[in-house]
Amino acid sequence: GQQLNQSPQSMFIQEGEDVSMNCTSSSIFNTWLWYKQDPGEGPVLLIALYKAGELTSNGRLTAQFGITRKDSFLNISASIPSDVGIYFCAGRENSGGYQKVTFGIGTKLQVIP
Amino acid sequence: SQTIHQWPATLVQPVGSPLSLECTVEGTSNPNLYWYRQAAGRGLQLLFYSVGIGQISSEVPQNLSASRPQDRQFILSSKKLLLSDSGFYLCAWSVRLNQPQHFGDGTRLSIL
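Sequences listed follow chains X and H, in order. So the first sequence is numbered by our numbering: it starts at 579 and just counts up by one. So the second sequence is numbered by our numbering: it starts at 6 and just counts up by one.
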């Protein structure tokens, strides 16, 4: 079945530093999504990517849809304390007529003031 | 604008008791609706999705069931809860199956 590997699983960074996380899949996706989840809340969509090679920014966040369509990364520049949370990637593929979405296990980000 | 509501936010239930979690979406018609479970330290596992009233698809065999009695209402149920049903349950919606999903705030379910 589909495997989606997200790394790192956890990271600590100093406030002001840049951070990068990525996801790789065992098969091709037609969409990549990045979400952020704060404790006790549901994930919130950050960026959606629809085309291979697409590079999209949302404020200090930048994400790219890999050329092979099997990977994506999310960069956060100049981190701030409110960036703390769990970041999930998700990939969408056609599966028997249904647009199946698979989520990574998340990257837990801690920002040290 | 569209909003999604889940309740309750937190629930503690004894083993063997029934369950009913409710999710409603406002500001859109005929949304696609989803139920996910998130175990501690794990990713999101899709349990059910629905493309219309009365249409439910199950992704994994389990102790839970889902129903969609109205266009914007999605209910997750169980007749007898198991300890393994503990977790964080999230409802989500999307305009179409190929559009991003938007999540509610979740229900933390603890089984004692």
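Virtual Cβ for every residue (Gly too), placed ideally from N, Cα, C. These numbers come from a predicted model, not from an experiment.
9 Å Cβ cutoff, residue i in contact with chain C
i, result
"residue 683 of chain X", "Given the protein chain composition of this structure (X and H), no chain C is represented."
Proximity test, Cβ basis, 9 Å: residue i and chain H
i, result
"residue 668 of chain X", "yes"
"residue 618 of chain X", "yes"
"residue 665 of chain X", "no"
"residue 630 of chain X", "no"
"residue 634 of chain X", "no"
Helix, strand or coil at residue i according to DSSP, with G and I counted as helix
i, result
"residue 55 of chain H", "strand"
"residue 87 of chain H", "coil"
"residue 74 of chain H", "strand"
"residue 635 of chain X", "strand"
"residue 660 of chain X", "helix"
"residue 33 of chain H", "coil"
Whole-angstrom distance between residue j and residue i, CA atom to CA atom
i, j, result
"residue 103 of chain H", "residue 95 of chain H", "19 Å"
"residue 670 of chain X", "residue 651 of chain X", "15 Å"
"residue 85 of chain H", "residue 91 of chain H", "13 Å"
"residue 56 of chain H", "residue 70 of chain H", "16 Å"
"residue 677 of chain X", "residue 637 of chain X", "28 Å"
"residue 60 of chain H", "residue 627 of chain X", "29 Å"
"residue 655 of chain X", "residue 614 of chain X", "15 Å"
7 Å Cβ shell around residue i - same chain, five flanking residues per side excluded
i, result
"residue 616 of chain X", "663"
Min CB distance residue i to chain X below 9 Å
i, result
"residue 53 of chain H", "no"
"residue 78 of chain H", "no"
"residue 110 of chain H", "yes"
"residue 113 of chain H", "yes"
"residue 75 of chain H", "no"
"residue 95 of chain H", "yes"
Residues of its chain near residue i, where Cβ-Cβ distance is below 6 Å and the 5 sequence neighbours each way are ignored
i, result
"residue 9 of chain H", "30, 98, 109"
Sequence-distant residues of the same chain with beta carbon closer than 8 Å to residue i, five excluded per side
i, result
"residue 672 of chain X", "608, 678"
"residue 648 of chain X", "602, 603, 604, 605, 606, 607"
Three-pair Cβ contact test at 8 Å for the region 588-607 of chain X versus the region 669-689 of chain X: yes
Touching by the beta-carbon criterion (3+ pairs, under 8 Å), the region 13-27 of chain H and the region 599-611 of chain X: no
At least 3 beta-carbon pairs within less than 8 Å: the region 65-81 of chain H vs the region 24-44 of chain H: yes
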